[in-house]
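Numbering (this note's numbering), first residue to last: 2 to 504. Built from N, CA and C at the ideal position, the CB exists for glycine as well. Each remark here refers to the structure printed beneath this line.
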Amino acid sequence: MKKLITLFLSAILCVSTLPAQVIDGNYELDSLVVKYVTVVRDVNQAGNDGNTYTTTYDDSAATYAIRVGWPDADTSLFDYELPYFDVGDTIGVLDVPLGSAAALAAFGLGLNTDFTAGAYTINAGSVYPTTNTQDCVTEQVFLPIQDQGTWTDGGYDPAVVGNSVKYGWGIITSGVFASFSAPDMVNHVYGTDYGLMSDGTETAMPNWGYIQINFTDDTYTTPDGLNIGWEAHDGPDASIGIVSTGDPYFVQAEADLGLLNGMVGRAGIPADSVTIGAVAQLAAGAGITINLPTDNPPYMLGGEGITHPTTGEEGYGAFTSEWGYIFDPTGDLLGGGDGVAFSGDEALQFTGYYATWNVLKTLFAISEGATAALLGGALADPTAPNIPMLADSLIDYTMYYWDVHENVQAALNDGLDAAVQTELATWLGAGLGLADVGNLFLGYVLGALTQYEAQLLNSSGGAITVDDSDHDLSLDDFDDYSYYYYDEVWFPNGGRLYVQSNA
Numbered sequence: 002m003k004k005l006i007t008l009f010l011s012a013i014l015c016v017s018t019l020p021a022q023v024i025d026g027n028y029e030l031d032s033l034v035v036k037y038v039t040v041v042r043d044v045n046q047a048g049n050d051g052n053t054y055t056t057t058y059d060d061s062a063a064t065y066a067i068r069v070g071w072p073d074a075d076t077s078l079f080d081y082e083l084p085y086f087d088v089g090d091t092i093g094v095l096d097v098p099l100g101s102a103a104a105l106a107a108f109g110l111g112l113n114t115d116f117t118a119g120a121y122t123i124n125a126g127s128v129y130p131t132t133n134t135q136d137c138v139t140e141q142v143f144l145p146i147q148d149q150g151t152w153t154d155g156g157y158d159p160a161v162v163g164n165s166v167k168y169g170w171g172i173i174t175s176g177v178f179a180s181f182s183a184p185d186m187v188n189h190v191y192g193t194d195y196g197l198m199s200d201g202t203e204t205a206m207p208n209w210g211y212i213q214i215n216f217t218d219d220t221y222t223t224p225d226g227l228n229i230g231w232e233a234h235d236g237p238d239a240s241i242g243i244v245s246t247g248d249p250y251f252v253q254a255e256a257d258l259g260l261l262n263g264m265v266g267r268a269g270i271p272a273d274s275v276t277i278g279a280v281a282q283l284a285a286g287a288g289i290t291i292n293l294p295t296d297n298p299p300y301m302l303g304g305e306g307i308t309h310p311t312t313g314e315e316g317y318g319a320f321t322s323e324w325g326y327i328f329d330p331t332g333d334l335l336g337g338g339d340g341v342a343f344s345g346d347e348a349l350q351f352t353g354y355y356a357t358w359n360v361l362k363t364l365f366a367i368s369e370g371a372t373a374a375l376l377g378g379a380l381a382d383p384t385a386p387n388i389p390m391l392a393d394s395l396i397d398y399t400m401y402y403w404d405v406h407e408n409v410q411a412a413l414n415d416g417l418d419a420a421v422q423t424e425l426a427t428w429l430g431a432g433l434g435l436a437d438v439g440n441l442f443l444g445y446v447l448g449a450l451t452q453y454e455a456q457l458l459n460s461s462g463g464a465i466t467v468d469d470s471d472h473d474l475s476l477d478d479f480d481d482y483s484y485y486y487y488d489e490v491w492f493p494n495g496g497r498l499y500v501q502s503n504a
């Protein structure tokens, strides 16, 4: 996590006869701006010995996926994990913009601080914002703090502008705040000598701060207030976001290695209310029909909003939501992922670009079919996989989950089996792992079922429709008999999945 913090402190007592570089006095916080930027980190990380480790905490609790449940997260009949985030993704920006004493008071915030040259004391009664993760949800909290710390200006001369002088400022010791360094505000350049480069790469001084002393006039004798700001990134250098006592699954050896432990949980995830409608309009122009939801709001989980048609504002319609549809018109989530809508590589194109019950049961079929083949020894020799065994298992489980009539299976399986073997040989020959093969097989098998749809009948002789995106999945359609007697979940009429994220 990266933290950008700016404090504005007004002097309520100062000693005006001291030299300009001395700021002895008592200061009261009168405004505060904090930005918490949360970036996904790799669970495989280098220790200070140069070796790669995964902490006990990460191994036990970390995931990059978002788990969603239906009909809701708490009483779900089924759950599924979606790969929404990758290492390096920014998954959250939390702003605390409190630009006045009145705004601080509204949240019960305040810092009363004694400053001397090289030291500070935050006094009792001070309250400061931070974040806390409880029950897998990370939220902003306001906590009482007291602290005694030391600081440095790095020995550099200040930049002088008007009645203000601006020094580099670094916290050396603190029981509350991050540690960071003091740059030369006259000669050092942000993005080159300190902070982050334009591509996000750390400079030699990624954690840095400044203190600006505002004087009553250009004699620089009477401080009128201080502006303090810093940027700190999780890691040993800043002494934040690392394994330490009190952590879940604390291991002293991991603390000694300086390993990161920062973990964020979200009740809601990025979503928007406009992409489904906008894409449906675009699709109509290409002769493609996308059904718009009517039972629930058209919220797209993972949606980033659109460009506002009149103001040009980016991210229009974006917000955070626990609820929404899994809608994937580009294949970035499930399929090819070329980022281009309707290019033909989207696994969900056969179900109206929505994740539906038909998609979910196909995913279950792929998972169980692959597992059965593995247990049967299909990949006992990874250099010579038993492709016929894997193909047979995937097809058998798909036919079972789709409840395809046995006579139809007999008519289709020979041709389908040969085609599936060819595809599997191509994918495995290209060095793809089973997860990637399963992802590609989802689109392939949905396409094959669509191709043969006119011939498909279920075990009762009824027609099978692949695209079930014209309605939402409903509990009214739940097959109680199969659940009660066979512990199986069936929805004969399928439907779009309107799901809730599971914190």
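Exposure label - residue i; buried when at least 16 CB within 10 Å
| i | result |
| --- | --- |
| Ala455 | exposed |
| Pro383 | exposed |
| Leu35 | Here residue 35 turns out to be Val, not Leu, going by the sequence shown. When all chains shown are included, Val35 counts as buried. |
| Asn208 | buried |
| Glu314 | exposed |
| Asp481 | exposed |
| Gly171 | buried |
| Pro310 | exposed |
| Ser127 | buried |
| Ala287 | exposed |
| Ala392 | buried |
| Asn45 | exposed |
| Tyr332 | According to the sequence shown, residue 332 is Gly rather than Tyr. Buried, by the Cβ-count rule. |
| Leu10 | Its pLDDT being 44, under 50, Leu10 is placed unreliably by the model, and the measurement read from it follows with that caveat. Buried, by the Cβ-count rule. |
Backbone CA spacing between residue i and residue j [nearest angstrom]
| i | j | result |
| --- | --- | --- |
| Ala47 | Asp87 | 18 Å |
| Val280 | Pro330 | 8 Å |
| Thr202 | Ser61 | 29 Å |
| Thr193 | Leu443 | 47 Å |
| Val360 | Leu498 | 10 Å |
| Phe116 | Ile214 | 12 Å |
| Pro294 | Leu375 | 39 Å |
| Pro159 | Trp231 | 16 Å |
| Ile241 | Gly303 | 29 Å |
| Met186 | Ala233 | 17 Å |
| Gln501 | His472 | 17 Å |
| Ala464 | Leu429 | 34 Å |
| Asn494 | Val252 | 51 Å |
| Ile289 | Ala356 | 17 Å |
| Tyr221 | Val97 | 32 Å |
| Ala284 | Gly353 | 10 Å |
| Tyr81 | Gly156 | 56 Å |
| Asp469 | Asp477 | 16 Å |
| Asn188 | Ala342 | 48 Å |
| Tyr37 | Ala256 | 24 Å |
| Tyr485 | Leu447 | 29 Å |
| Thr53 | Gly247 | 23 Å |
Contacting residues, own chain, Cβ-Cβ under 7 Å from residue i (five flanking each side not counted)
| i | result |
| --- | --- |
| Leu83 | Ala66, Ile67, Val69, Ile327, Leu334 |
| Glu489 | Ser483 |
| Ser460 | Asp404, His406 |
| Phe365 | Tyr402 |
| Met301 | Ala272, Asp273, Thr276, Ile277, Gly325, Tyr326, Phe328 |
| Leu435 | Ala371 |
| Ile291 | Val280, Ala281, Ala284, Gly353, Tyr354 |
| Ser77 | Gly70, Trp71 |
| Asn414 | Ile396 |
Spatial neighbours of residue i in its chain, beta-carbon cut-off 6 Å, leaving aside the 5 residues before and after
| i | result |
| --- | --- |
| Tyr58 | Pro249, Tyr250, Asn262 |
| Ala120 | Thr151 |
| Asn49 | Leu258, Gly259 |
| Gly269 | Thr321, Ser322, Glu323 |
| Thr114 | Tyr28, Tyr121, Ile123 |
| Asn503 | Arg68, Gly70, Ala74 |
| Asn400 | Looking at the sequence shown, residue 400 is not Asn but Met. For Met400, where only same-chain residues beyond five positions count, the Cβ hits under 6 Å are Gln410. |
| Ala373 | Ser394 |
| Ala102 | Asp31 |
Contact set for residue i: own chain, Cβ-Cβ below 8 Å, skip 5 residues either direction
| i | result |
| --- | --- |
| Glu305 | Pro271, Asp273, Thr276, Gly316, Ala319 |
| Leu105 | Leu30, Asp31, Ser32, Leu33, Leu99, Gly111 |
| Thr204 | Gly192, Thr193, Asp194, Tyr195, Gly196, Leu197, Met198 |
For residue j and residue i, believed in contact at Cβ under 8 Å, the rounded distance
| i | j | result |
| --- | --- | --- |
| Leu450 | Val438 | About 18 Å; that fails the 8 Å criterion. |
| Met264 | Ala63 | 6 Å |
| Gly236 | Ile229 | Their Cβ separation, rounded to whole angstroms, is 21 Å, which puts Gly236 and Ile229 out of contact at 8 Å. |
| Ala118 | Phe181 | Their Cβ separation, rounded to whole angstroms, is 18 Å, which puts Ala118 and Phe181 out of contact at 8 Å. |
| Ala183 | Thr223 | Not really, about 24 Å apart at Cβ, beyond 8 Å. |
| Gly474 | Trp358 | One point to set straight first is that residue 474 is Leu, not Gly, in the sequence displayed. The Cβ separation is near 5 Å, so the contact holds. |
Would you check if the segment 34-48 and the segment 86-102 touch, i.e. whether three or more CB-CB distances between them fall below 8 Å? yes
Spell out a yes or no on whether the segment 412-422 and the segment 388-397 are touching, meaning 3 or more CB-CB pairs, one atom from each, closer than 8 Å. yes
Do the segment 348-358 and the segment 423-434 make contact, defined as three or more Cβ pairs closer than 8 Å? no
Segment contact, 8 Å Cβ cut-off, at least three pairs: the segment 164-180 with the segment 139-148: yes
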